[in-house]
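Asks: Take this structure first; my questions come after.
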Amino acid sequence: QKEVEQDPGPLSVPEGAIVSLNCTYSNSAFQYFMWYRQYSRKGPELLMYTYSSGNKEDGRFTAQVDKSSKYISLFIRDSQPSDSATYLCAMRNDYKLSFGAGTTVTVRA
Amino acid sequence: GAVVSQHPSWVICKSGTSVKIECRSLDFQATTMFWYRQFPKQSLMLMATSNEGSKATYEQGVEKDKFLINHASLTLSTLTVTSAHPEDSSFYICSAPTAAANTGELFFGEGSRLTVL
C-alpha cells in the first residue's frame, strides 16, 4: 500500500466550476500537508501548506485537512483555464516528502 | 519566495557518458537539498538527501555509485549521472528547505530533463 493515495484523473471541468481534489494517507506521523501545482516539464510550485486539521484559504484555493480520517482536500473556486495543470499532494513528518501520484486537471474555456 | 535554480534544464547525452546537474539556492542557504526523479505521468520519487559537508543519504534502490551527489557549499548541490543509459532518461528535480523552523517549506527547482540516447 502506498503511503499517499491520489486519483490521477484526468479531471476535466468547465471554466468557472469548482475543482475538487483529494488524497488519503496511511502514515499517522505526517504533520505537514502541502499541495503543489506542476505545469508540464516544470518543477512543482507550492500552492498551499497546512499543519493542522481544518481549513485554510488563500484566494480561490481552499485546503482541508482531516487528520482523524487521514484525508486532505484542495478546492479551486472559479476555475480558470490557467489552472490547468497537475496537482500533487504531499506530506511529511520531517523534511522528506511523500507525494501523491498527481491529478491532471483541465479547465475548459 | 525562496528560489531554487537548476541547470541545465534540458540535456541530451550519449549512452555511457556522464551528466552533471546543478541545484542552487539563490537567496537562502541550504544545508540539505533533496533530489527527486520523475518519470512521465508518475509522481516524484525521492532519490537522495544531499548534506552540506558530508555524504549524501540515498533511498533504497538508488545506486550511490551511479548517482553521485556533491554538496560542496551551502548554496550548491550537484547530481552526476555516471555512465548514463537510456533507462536513466527522466526528469530530475531538486528541492531545498528554507531555514524557517516553523514551516521549513520546500522549494523546488525547475527540473532538468535528461534524455540518454
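Respectively, the protein sequence lines represent chains A and B.
If you read the first sequence in this note's numbering, its first letter stands for residue 4, the second for the next number, and so on.
If you read the second sequence in this note's numbering, its first letter stands for residue -7, the second for the next number, and so on.
Glycine included, C-beta positions come from ideal geometry on N, C-alpha and C.
Since this is a predicted model, take the numbers as computed values, not measurements.
Could you pull the start and end residues of the beta strand (DSSP E) that Ser17/B belongs to?
Replies: Residues Val11 to Ser17.
Asks: Taking 8 Å as the cut-off, is the beta-carbon of Glu60/A closer than that to any non-hydrogen atom of the ligand COA?
Replies: Ligands in the displayed structure: none, and consequently the ligand COA is not present.
Asks: Considering Lys59/A, what are the terminal residues of the beta strand (DSSP E) in which it resides?
Replies: Gly57 to Asp61
Asks: Report yes or no: is there a C-beta of chain B within less than 9 Å of the C-beta of Ser15/A?
Replies: no
Asks: Pull up the distance between the alpha-carbon of Ile2/A and that of Thr74/B, whole angstroms please.
Replies: Coverage of chain A is limited to positions 4 through 112, which leaves residue 2/A absent and any answer about it impossible.
Asks: When you compare each of Ser101/A, Ser43/A, Asp86/A and Ser85/A to Cys92/A by their alpha carbons, which one comes out closest?
Replies: Ser101/A
Asks: Please return the same chain residues whose Cβ sits closer than 7 Å to the Cβ of Ser82/B, not counting the five positions on each side in sequence.
Replies: Arg29, Gln30, Phe31 and Leu106
Asks: Please identify, using Cβ separations under 8 Å, the residues of the segment 97 to 109 of chain B that lie next to chain A, in order along the chain.
Replies: Glu97, Leu98, Phe99, Phe100, Gly101, Glu102, Gly103 and Arg105
Asks: With Val16/A as the anchor, note down where its beta strand (DSSP E) starts and where it stops.
Replies: Leu14 to Pro17
Asks: Using the three-state DSSP reduction, which class does Pro0/B fall into: helix, strand or coil?
Replies: Per DSSP, reduced to three states, the secondary structure at Pro0/B is coil, with no helix or strand assignment.
Asks: At the 9 Å Cβ level, is Lys59/A part of the contact set with chain B, yes or no?
Replies: no
Asks: Below 8 Å on the Cβ atoms is my guess for Gln9/A versus Cys26/A; work out the distance and round it to an integer in Å.
Replies: Indeed they touch by this definition, with Cβ atoms about 4 Å apart.
Asks: What does a CB cutoff of less than 6 Å around Thr23/B pick up in its chain, not counting 5 residues either side in sequence?
Replies: If we look at Thr23/B and ignore the five residues flanking it on each side, its Cβ neighbours are Glu44.
Asks: Could you name the residues that DSSP lists as bridge partners for Tyr74/A?
Replies: Thr27/A and Asp69/A
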